[in-house]
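Residue numbers (this note's numbering), protein chains in the order written: chain V, 1 to 276; chain L, 1001 to 1276; chain W, 2001 to 2276.
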């Protein structure tokens, strides 16, 4: 019995057969390794959204291989890559397109020790060039999960040549009254409407109330330890399950209340001790 | 090879990584036990809907552990619990919040023999207090599935202190013409628009036609044994796959036709022999 | 360790417990065989859509059993069937209703060698007659996956009596200028809005540009090898991952651009060498 798993992240959705076909390819190449679907609900082509989801999930994954496909550049010259991590308490390898999808998770897992550009097996014209998830990435991920080494699936490339995404910036300025105004980006909105900001949770350590300015809201809100510290329907801030600052409404949707979407900016004003 | 499984029910949806992270935690704590997703489509915070779904699925489950998380009270003082059942032909343990989510299924599986309040492992501040599914319930469910005993995951509590949900009431009255009018609640509407009532199927045993009064309908309908006994598009009643009375339209949606939602009341008038 | 799998295709969706209950029944009847969800997102009652999805996935499946349930006729006299295929490099058996759902995949996998009408186990009145997926098809699929032979699950029937679907027709005519006009049906629209036509990909082999006429479009478009050969936002044609002609927009939705739905006709005008 192995605790090794192949972890999937894609923007394929679950209505079509694409995810099932990935599972089928993996069943042939790594029959003994169970597959875990982390998410197939990434917005189509949203590489940054996929990278963020993978980074949130990464600390909780056990040994195995991550196979991630959000790939607007499929069929172009963008490389397919496999990455090997320094640390092997979590997944050892990440496989996917070289478009930044994998790197934030790789960094949070200790960093890249080496990488390869995936070798394409014989090209079958009848398969087209539109489904590298099936034809390139899944075979490589299956091989690695089944014990292949990195050189067996591709040619070595320099890790520093891997494409990285721009990181969301946080800005802050000191106000005349001594308080600090931080402007951060909404990075992730979950099913419940909680709005996670690109801002580490420790920012909230020393404050009890914060002025919050977003598209439809300008309010003084409480900093809570948990949803249960707020009244039902109350807007507040908390340190969320991934250690980010989140704007929340108890038993309600903060995203609807504020009318913010991923990428929108939210301003927080308070007596913040630590600055991001 | 084991036929044991960990069965999941949540309101997490499948777009975010939450379900995948539960799987990852379970892969670490019970690597040899496959996980079955019963549903992650419960309406957010709908404890009663989750309890009803779990009760419908319960009779079909084999040995193992149920892990259910619909938890509007996460981070409050509500308890996290594990329940052990009398009968062990189906799942032996149910794990989740003590908010009524588990009890109807537990009753339908023979009843509770003992229960514990889950012990919280060391609190990690960086994890926040918002994702007990990951931090409290999944580790306990995994431990039980891997062979731990109830005392190993928590402190004994009296089963009669477990929080129960109110049961949907059915009312009936005899009419002057000798027929009976039953008012029942729509308890579950499936993907096909079939409307299951909180009314046992045997009520239909001795009737062939029934007067049906709902928001948008006042009609005499036939009692069928199967969809195929109705004409395409015909409204009717049948004993459904969970042995409840269901209002159906053959190859159509009864919920759309009647414009009823879960919780709405439907009146049935007929020469019912057995009363609920 | 087995590479055998049970592959599922249904129109059940993932919000209700139906899919989870199928998994539970399979866990009891074939505990050692992992289950792969190909899709549960078939439009309710869309037998042709389910048949097309299964045919697209079929070439990629390994050994095992396909269990497919899109079954508007449940509870009527339509037969439940299990089919055995000539070739055993892919799945050996297909199980489902005899309504055409299985036959296109069966043909693409080498054809049917024998078939049975499924034997119904003791009828339990309390289970109703509305969920043959749980009560008839899953037990049979599980038994076959666990090693049962076809006669153990049903009575032999003649393969030529199996119900087949009508095949989408393609028409073509030669124009005065020597070019050819082909009218084909939109057969499948995926999550990304790519519109696959019921037209083999080789039709595009010798053409570089094609006149495309659909509901909202009358344009000369390029034939590409891959999305990357088009400009972002450009409409084009390519041979897709299932070797069909597809109308696509790079990083956009061709279905939205053309406002076409499955079943709509699209006309292509070009100097086609091979006719369908």
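We put the beta carbon where it would ideally sit given N, CA and C, even for glycine.
Contact check, residue i vs residue j, beta carbons under 8 Å
i, j, result
"residue 1163(L)", "residue 1100(L)", "yes"
"residue 118(V)", "residue 154(V)", "yes"
"residue 58(V)", "residue 105(V)", "yes"
"residue 65(V)", "residue 84(V)", "no"
"residue 2107(W)", "residue 2095(W)", "no"
"residue 50(V)", "residue 9(V)", "yes"
"residue 239(V)", "residue 211(V)", "no"
"residue 2022(W)", "residue 2140(W)", "no"
"residue 2254(W)", "residue 2194(W)", "yes"
Span separating the alpha-carbon of residue i from that of residue j
i, j, result
"residue 250(V)", "residue 1134(L)", "19 Å"
"residue 149(V)", "residue 1110(L)", "51 Å"
"residue 1048(L)", "residue 1165(L)", "7 Å"
"residue 2236(W)", "residue 2247(W)", "6 Å"
"residue 67(V)", "residue 2063(W)", "23 Å"
"residue 2089(W)", "residue 2060(W)", "10 Å"
"residue 1217(L)", "residue 1270(L)", "16 Å"
"residue 228(V)", "residue 146(V)", "45 Å"
"residue 2056(W)", "residue 2046(W)", "16 Å"
"residue 230(V)", "residue 175(V)", "28 Å"
"residue 2225(W)", "residue 1241(L)", "49 Å"
"residue 54(V)", "residue 69(V)", "11 Å"
"residue 151(V)", "residue 127(V)", "25 Å"
"residue 268(V)", "residue 2132(W)", "56 Å"
"residue 160(V)", "residue 14(V)", "34 Å"
"residue 1026(L)", "residue 2092(W)", "32 Å"
Beta-carbon proximity list for residue i, same chain, < 8 Å, skipping 5 on both sides
i, result
"residue 1208(L)", "1222 and 1223"
"residue 2190(W)", "2196"
"residue 2187(W)", "2052, 2168, 2196, 2197, 2198, 2244 and 2262"
"residue 2098(W)", "2078, 2079, 2080, 2081, 2117, 2162 and 2163"
"residue 2170(W)", "2182, 2183, 2184, 2185, 2198, 2199 and 2276"
"residue 256(V)", "193"
"residue 2206(W)", "2271, 2272, 2273 and 2274"
Per-residue burial, residue i [other beta carbons within 10 Å of its own, 16 or more giving buried]
i, result
"residue 1130(L)", "buried"
"residue 1121(L)", "exposed"
"residue 1030(L)", "buried"
"residue 1039(L)", "buried"
"residue 80(V)", "buried"
"residue 1204(L)", "buried"
"residue 1011(L)", "buried"
"residue 102(V)", "buried"
"residue 1220(L)", "exposed"
"residue 1035(L)", "buried"
"residue 2073(W)", "buried"
"residue 87(V)", "exposed"
"residue 2177(W)", "exposed"
Neighbour list for residue i in chain L, Cβ cutoff strictly below 7 Å
i, result
"residue 191(V)", "1012, 1013, 1015, 1016 and 1044"
"residue 2072(W)", "1251"
"residue 119(V)", "Correct list: empty, because the minimum Cβ distance to chain L is about 29 Å."
6 Å Cβ shell around residue i - same chain, five flanking residues per side excluded
i, result
"residue 173(V)", "181"
"residue 2252(W)", "2233"
"residue 2019(W)", "2012 and 2040"
"residue 71(V)", "97"
"residue 33(V)", "4, 6 and 145"
8 Å Cβ cut-off: residues of chain W touching residue i
i, result
"residue 1002(L)", "2031"
"residue 27(V)", "2003, 2005, 2034, 2036 and 2062"
Nonlocal neighbours in the same chain, by C-beta distance under 7 Å from residue i, ignoring five residues either side
i, result
"residue 215(V)", "258, 259, 260 and 264"
"residue 275(V)", "172 and 180"
Proximal chain V residues relative to residue i, where beta-carbon distance stays under 8 Å
i, result
"residue 2053(W)", "16 and 17"
"residue 1069(L)", "Ordered by position in chain V, no residue passes the 8 Å Cβ test against residue 1069(L), which lies about 12 Å from the chain."
"residue 2241(W)", "127, 128, 130, 131, 134 and 135"
Listed by chain order, chain L residues near residue i by CB distance under 9 Å
i, result
"residue 2024(W)", "1005, 1007, 1036, 1038, 1057, 1060, 1061 and 1062"
"residue 2270(W)", "None at all; the shortest Cβ gap to chain L is about 40 Å."
"residue 238(V)", "1075, 1128, 1129 and 1130"
Chain V contact residues for residue i, given Cβ-Cβ distances below 7 Å
i, result
"residue 1021(L)", "57 and 60"
"residue 2259(W)", "Those within 7 Å of residue 2259(W) in chain V number zero; the least Cβ separation is about 19 Å."
Chain W residues whose Cβ lies nearer than 9 Å to that of residue i
i, result
"residue 1226(L)", "2074, 2075, 2076, 2128, 2129 and 2130"
Closer than 7 Å: residue i CB and nearest the ligand FAD heavy atom
i, result
"residue 178(V)", "As far as ligands go, the structure on display features none, and thus does not contain the ligand FAD."
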